[in-house]
Amino acid sequence: MTTTRRQFLRRATQGLGFLAAAAALPRWVGNAHAATLNGYSGSRVAVCVFLLGGNDSNNILIPREANAYAKYLAARPTLGLKTDQMDLINPTDLAAGSFALPKTLSKLRAHFEAGRAAFVCNVGPLVLPLTKADYLAGGTSVPENLFSHSDQQDAWASALANPGSSAVTSDIKVTGWGGRTADKLHGLNTSAPPDYPEVTSFGGKPRFCAGVDRKPMMVAPDGTLAFRTVTTPASDFDLLQQAALADVMTAQDGNVLETGYAGIFTTAQTFSAARAAARDAAWAQLPQATRDAIEGYFVPTLPPEDTARWTLHTQLYQVVRDLVAGAMPVSNAGLGLKRQVFSVGFGSFDTHQNQDVDQPKLLEQLDFALDAFQQAVTLLETQAAFGSNAPQATLFTMSDFNRTLLENGDSGTDHAWGGHAIVLGNRVAGRKLYGTFPNLDLSGSLDGSTDERGRWIPTLTVEQYGWTLASWLGLNTAAERDYVFPNLAGYVADAVARSFPAQARKYKVGFMLAD
Amino acid sequence: MLRRTALALALCATSCTQADGPSATESPPPEQQEVLGRAEQAAESLETPSEANSIRFLEQSSFGPKLARGVTPAPVGTVERVMSQGITQSLTEQFALQPAAPYDGESAQDLGSQFFQRAVAGEDQLRQRVAFALSQIFVVSQNGIPESTRTPYSDSRVALAGYLNLLSQHAFGDFRALLEAVTKDPAMGRYLDMANNRAFDKQGNPIDPNENYAREMLQLFTLGTDKLNLDGTPALDANGNRQRAYSEEQVKAFAHALSGWTWNATACPAKGAAISTPDYKNPLMPCNDNHDTSSQVLLRGVSTAAGGTITTHLNQALNNVFNDPNVPPFISKQLIQHLVTSNPTPAYVKRVATVFKNDGTGARGNLQAVVRAILEDTEARGAQPPLALRPGFGHLRPPALFVTQVVRWLDPTLDTATKDPGLKLSNWSRTMNQWVPRAPSVFSYYPPNAPLPGADGLVGPEFAILDTATLTARANFLHEFLYTSAATNAGLTVDYDLLPSSNAELVAYLGRYWLHGTMAPELEQKLLTAMGDSRANSLIRKKKLALYLTFLSPSFQIQR
Chain A
1 MTTTRRQFLR RATQGLGFLA AAAALPRWVG NAHAATLNGY SGSRVAVCVF LLGGNDSNNI
61 LIPREANAYA KYLAARPTLG LKTDQMDLIN PTDLAAGSFA LPKTLSKLRA HFEAGRAAFV
121 CNVGPLVLPL TKADYLAGGT SVPENLFSHS DQQDAWASAL ANPGSSAVTS DIKVTGWGGR
181 TADKLHGLNT SAPPDYPEVT SFGGKPRFCA GVDRKPMMVA PDGTLAFRTV TTPASDFDLL
241 QQAALADVMT AQDGNVLETG YAGIFTTAQT FSAARAAARD AAWAQLPQAT RDAIEGYFVP
301 TLPPEDTARW TLHTQLYQVV RDLVAGAMPV SNAGLGLKRQ VFSVGFGSFD THQNQDVDQP
361 KLLEQLDFAL DAFQQAVTLL ETQAAFGSNA PQATLFTMSD FNRTLLENGD SGTDHAWGGH
421 AIVLGNRVAG RKLYGTFPNL DLSGSLDGST DERGRWIPTL TVEQYGWTLA SWLGLNTAAE
481 RDYVFPNLAG YVADAVARSF PAQARKYKVG FMLAD
Chain B
1001 MLRRTALALA LCATSCTQAD GPSATESPPP EQQEVLGRAE QAAESLETPS EANSIRFLEQ
1061 SSFGPKLARG VTPAPVGTVE RVMSQGITQS LTEQFALQPA APYDGESAQD LGSQFFQRAV
1121 AGEDQLRQRV AFALSQIFVV SQNGIPESTR TPYSDSRVAL AGYLNLLSQH AFGDFRALLE
1181 AVTKDPAMGR YLDMANNRAF DKQGNPIDPN ENYAREMLQL FTLGTDKLNL DGTPALDANG
1241 NRQRAYSEEQ VKAFAHALSG WTWNATACPA KGAAISTPDY KNPLMPCNDN HDTSSQVLLR
1301 GVSTAAGGTI TTHLNQALNN VFNDPNVPPF ISKQLIQHLV TSNPTPAYVK RVATVFKNDG
1361 TGARGNLQAV VRAILEDTEA RGAQPPLALR PGFGHLRPPA LFVTQVVRWL DPTLDTATKD
1421 PGLKLSNWSR TMNQWVPRAP SVFSYYPPNA PLPGADGLVG PEFAILDTAT LTARANFLHE
1481 FLYTSAATNA GLTVDYDLLP SSNAELVAYL GRYWLHGTMA PELEQKLLTA MGDSRANSLI
1541 RKKKLALYLT FLSPSFQIQR
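Residue numbers (my numbering), protein chains in the order written: chain A, 1 to 515; chain B, 1001 to 1560.
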């Protein structure tokens, strides 16, 4: 594939005799050694779970301190969880039982209490750290198009809250932080076949996955990425047709658009076959008992009528299968990747109405799928077949935005801003709340809310959240940081200059264990 | 002269900010004159287009060329008819055609199905093609219209049917009228919150109206984000920096100027109140009580009248934006991108934008004249693009057009009486990430400025939705169409006997028609080699193999 990519670039350049400058070199050329495997020389993967529609995270982490809980209930007479609908948690550094999770997240709660999960509080898209006065003053330091689904999904996915006013180049604006992280991680992966994509997506936000140079494997949620054949297994005619199609792709009329199309085709054809083969072969390297156990984790225990339309656990099962293929050494018929990023997603979290009925169902699905994934990864970590490349996985959530603390008249909530994210994995410094939980008082000065409905002004930015994960994967230098998270340096500098709280003055949030 | 201009502009297609550099008036060096190749560049008249030129024209102006297959006179939309009428008259004929029937939101037939049925079988090809382009600029998504229990019909279907009819009706009309119709349209009113956008709360206190429509109207429907020259390149300030086309303050000003509209109803609501029952069959209704009548400073220092009424202010606001110098290049370039090529030269954009500014009779925003200018331009016409532009010319066929162009070339009989072929075609397009009319966001299926992978500085809008999954879906759509009974089961029956039977004749046919004479010898040879392989062991397999490979070849996928 290296050859193909070089041919691709050469052809692209040849065809561009009329361009003033030759095509820019890929981002990884010249800095392939900046990212490192120092954190862990085996396989590491980060899994983004996008909760589409704007998850009401005010109802996944509830303060139980009496005063705060009273304010919570006052704002949510219908939607507020009663004591019998929650279980207490005991976060490190806080009073025992100071917070609670809904019973619908009981499996996640167990992981939290065991130190494998954490919450990152009140995180959201920001350009610069904002006080209420800054927010009211407006201007370019306030994220663009707040409260808009598409824009805020893009802001989370791209780690760029001001695409309109930002001076970064358009290639940064149209890509995501998962993909740009892959641009920088690429040098760490010496896979077979070479240049296997770092990012694989079964759902979520496509933008998150797109790098400037590195393009993702986009796969249907059922895990299938394959060219149809007339018969299964492929007949002689099918083999002829596939080979002829690959051959036809090399006829590009000296046209750069044709080259671009053929390049993506070659990625699809080359890597879909490699992926399919590695998925089967690597899986077969695992003991039958391991495979059976993993399959079992993903079989819902609730009645089929409740789970027939669930999609998250099936996507995360596919992540497991691709993770196994990726982490399995080449010598064991795997792809031999060191670093991977996955994207999955599900919705409908846009609970303007009937949230009391709908959100618990969504959380049940989330709870089941996250737990299944965590169990699977824990089992995989000890499998001998991976040799020195045993996988470590960290799963994290993103969502359009949090929702208003104050419920509306339809048993629902409306679009808001900063919310609480979940991180889960054996390398997470768990049983802890990171960041600052918002003040739920809607009657006072409302310093932490855009208005009286309870829309939290984030106290951590998406970029701090993302950089913590990207660093764990191996990104290292300030140049890498500024490339993937273009506003982060300015954010921290401004926080320092204006004496914001300590958490705003750090590039990272401390939710990953030190290596 | 035209040739020299094109070359000079191509030389600075991505790096020059001014279209008319001095080189445009100088003779090219001798070696370039040679390269230009006189025979290929000989200008074809608009009256007597060659077959290849006519096919190119139909690729740009319809949902796919068709052949007359011996029917005389040649039917509308066929290559033979364009050749006999000429380009100019073909356009005139298309401008006059009306849809056979409007979109029907109360029909059981899905709107995507209605779209594809019109696209593959309708006569008003150019109108539908331009309306489809407009639907990707003035975006309303069926998925963005929630159902209410207060209407007796499906809100999303009725809203979108009305909206698609509006775009079809205005496709060759006046841009200012289109902008006003869109602004008052109930589907748009819901999609971007123009409906019930009040300037006061129930206590009568002034509040900030929702900026959603005002912002997108400026950013996506009229101006874009940067100030533009007439040729579509960014207008730079004295320091060489791009300049914002509008400010946040101007967004707010437009939001105030456009405040106070609500659903059509028998009476306006009280100040600060809303009408809760949508009416997707009538335009929004002005309610002065909910309008901020104060003067607002719009673009270029123009203000709305203090104390003006809601309708006066809407007129003033729309006139203000319509007359902005950004509108002609911004809209012209996008229409070129949808119809002809992703990276038009600045000179091409300028020629079309000049017609947008003034159609020759003094009228601004005459879309019929703009469409004619786009399709009669030297960069669009000829058997092939101008030689110097070929390395970067064309655009990836978006999924919907890929589907319709495959279908129209194969020319199946359509059973719309007992089956729903349109729905099948729509679902195929959906697998490739273009689910008509359900764009995922107001940014449409793909943005006009998406970069072309691997070619720094060029854009490839349609590439934004081309990835491993959707490219595989392109191949699998074709595979399913050719090799399974899916098409027949959906009422699309192809007679493969209409295609030549010998390998050489079929390849020649595909090159002549489907690639309008541009099939490279290299590609011809690859097809012949594949068809000659013993594993292609029947006539029908040889044929289908050739169709599969040609439709998926880079030469076909990029409409040039």
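Heads up, the beta-carbon is just placed ideally off N, CA and C, and yes, glycines get one too. Treat the numbers as computed from the prediction; the structure is a model and nothing was measured.
Taking just the CA atoms, how far does residue j sit from residue i?
i: A/Leu316; j: B/Thr1072; result: 59 Å
i: A/Ala46; j: A/Ala157; result: 14 Å
i: A/Ala244; j: A/Gly347; result: 41 Å
i: B/Ala1490; j: B/Asp1174; result: 39 Å
i: B/Val1251; j: B/Lys1184; result: 18 Å
i: A/Gly387; j: A/Phe373; result: 21 Å
i: A/Val212; j: A/Arg180; result: 6 Å
i: A/Thr259; j: B/Leu1410; result: 26 Å
i: B/Glu1462; j: B/Ser1553; result: 16 Å
i: A/Lys82; j: A/Asn67; result: 15 Å
i: A/Arg309; j: B/Gln1203; result: 45 Å
i: B/Gly1457; j: B/Ala1487; result: 40 Å
Taking the alpha-carbon of residue i as reference, which of the options has the nearest alpha-carbon?
i: B/Leu1515; options: A/Gln252, A/Phe298, A/Ala34; result: A/Gln252
i: B/Leu1523; options: A/Asn389, A/Leu73, A/Thr250, A/Asp222; result: A/Thr250
i: A/Ser43; options: A/Met512, A/Leu473, A/Ala157; result: A/Leu473
i: B/Asn1358; options: B/Ser1501, B/Ala1373, B/Pro1346; result: B/Ala1373
i: B/Arg1176; options: B/Gln1316, B/Gly1308, B/Ser1154; result: B/Gln1316
i: B/His1395; options: B/Leu1425, B/Ala1464, B/Ala1546, B/Trp1435; result: B/Ala1464
i: A/Leu488; options: A/Pro63, A/Trp177, A/Gly139; result: A/Trp177
i: B/Asn1537; options: B/Ser1156, B/Ser1061, B/Asn1503, B/Ala1305; result: B/Asn1503
i: A/Ala110; options: A/Leu362, A/Val344, A/Gly418, A/Ile89; result: A/Ile89
i: A/Leu136; options: A/Asp171, A/Arg481, A/Thr450, A/Val496; result: A/Thr450
i: B/Pro974; options: B/Asn1196, B/Leu1228, B/Gly1189, B/His1256; result: Since the first residue shown for chain B is 1001 and the last is 1560, residue 974 of chain B is missing from the structure and cannot be characterised.
i: A/Gly430; options: A/Tyr483, A/Ser141, A/Thr92, A/Ala100; result: A/Thr92
i: B/Leu1228; options: B/Pro1328, B/Asn1290, B/Ser1141, B/Ala1121; result: B/Pro1328
In the DSSP assignment, the beta strand (DSSP E) including residue i goes from what residue to what residue?
i: A/Thr200; result: 199-201
i: B/Asp1193; result: That residue, B/Asp1193, is in no beta strand (DSSP E); it is neither H nor E in DSSP.
i: A/Asn394; result: Position check: residue 394 of chain A holds Thr in this sequence, whereas Asn was assumed. Its beta strand (DSSP E) spans residues 391-399.
i: A/Leu115; result: Note that residue 115 of chain A is Gly in the sequence shown, not Leu. That residue, A/Gly115, is in no beta strand (DSSP E); it is neither H nor E in DSSP.
i: A/Pro102; result: 99-102
i: B/Ile1137; result: B/Ile1137 -> no beta strand (DSSP E), and no H or E assigned at all.
i: A/Ile89; result: 86-89
Starting from residue i, trace the alpha helix (DSSP H) both ways and give me its first and last residue.
i: B/Leu1091; result: 1087-1096
i: A/Leu469; result: 462-473
i: A/Gln340; result: Note, A/Gln340: premise wrong, no alpha helix (DSSP H); beta strand (DSSP E) at 339-346.
i: B/Met1531; result: 1521-1531
i: B/Leu1506; result: 1503-1512
i: A/Leu362; result: 355-380
i: A/His420; result: Unbroken run through A/His420 is the beta strand (DSSP E), 419-424; no alpha helix (DSSP H).
i: A/Gly588; result: Not covered by the structure: residue 588 of chain A. The range shown for chain A is 1 to 515.
i: A/Tyr434; result: Counting along the chain, A/Tyr434 falls outside any alpha helix (DSSP H), though it belongs to the beta strand (DSSP E) covering 432-435.
| request: Tell me the start and end of each unbroken beta strand (DSSP E) in the stretch 270-333 of chain A that is at least 3 residues and wholly inside, in chain order. | output: none
| query | Unbroken beta strand (DSSP E) runs of length 3 or more, entirely within the stretch 1436-1499 of chain B: which are they? | reply | none
| request: Residues of the stretch 1435-1467 of chain B with a CB closer than 8 Å to any CB of chain A: list them in chain order, please. | output: Pro1440, Ser1441, Val1442, Phe1443, Pro1447, Asn1449, Ala1450, Pro1451, Leu1452, Pro1453, Gly1454, Ala1455, Asp1456, Gly1457, Leu1458, Gly1460, Phe1463, Ala1464, Leu1466, Asp1467
| task | Below 7 Å between beta carbons is the criterion; list the residues of the stretch 1519-1536 of chain B that meet it against any residue of chain A, in chain order. | result | Shown in chain order are the members of the stretch 1519-1536 of chain B whose Cβ falls below 7 Å from a Cβ of chain A: Ala1520, Glu1522, Leu1523, Lys1526, Ala1530, Asp1533, Arg1535, Ala1536.
| said: Give me the subset of the stretch 1383-1408 of chain B whose CB atoms are less than 9 Å from a CB atom of chain A, sorted by chain position. | reply: Ala1388, Leu1389, Arg1390, Pro1391, Gly1392, Phe1393, Gly1394, His1395, Leu1396
| Contact list for the stretch 1334-1349 of chain B against chain A, Cβ threshold 8 Å | For the stretch 1334-1349 of chain B, the set of residues with a beta-carbon nearer than 8 Å to any beta-carbon of chain A comprises Ser1342, in chain order.
| Contacting positions in the stretch 449-463 of chain A - beta carbon closer than 9 Å to chain B | none
| request: Determine which residues of the stretch 254-276 of chain A have a Cβ less than 8 Å from any Cβ of chain B, and write them out in chain order. | output: Gly254, Asn255, Val256, Leu257, Glu258, Thr259, Gly260, Tyr261, Ala262, Gly263, Ile264, Phe265, Thr267, Ala268, Phe271, Ser272
| Which runs of the alpha helix (DSSP H) fall wholly inside the stretch 1202-1236 of chain B and span at least 4 residues, in chain order? | Runs of alpha helix (DSSP H) with 4 or more residues, each lying fully within the stretch 1202-1236 of chain B, are found at 1212-1216, listed in chain order.
| Can you list, in chain order, the stretches of the alpha helix (DSSP H) that have 4 or more residues and sit fully within the stretch 31-74 of chain A? | none
| field | Minimum length 4: unbroken alpha helix (DSSP H) runs contained in the stretch 1235-1321 of chain B | value | 1248-1257
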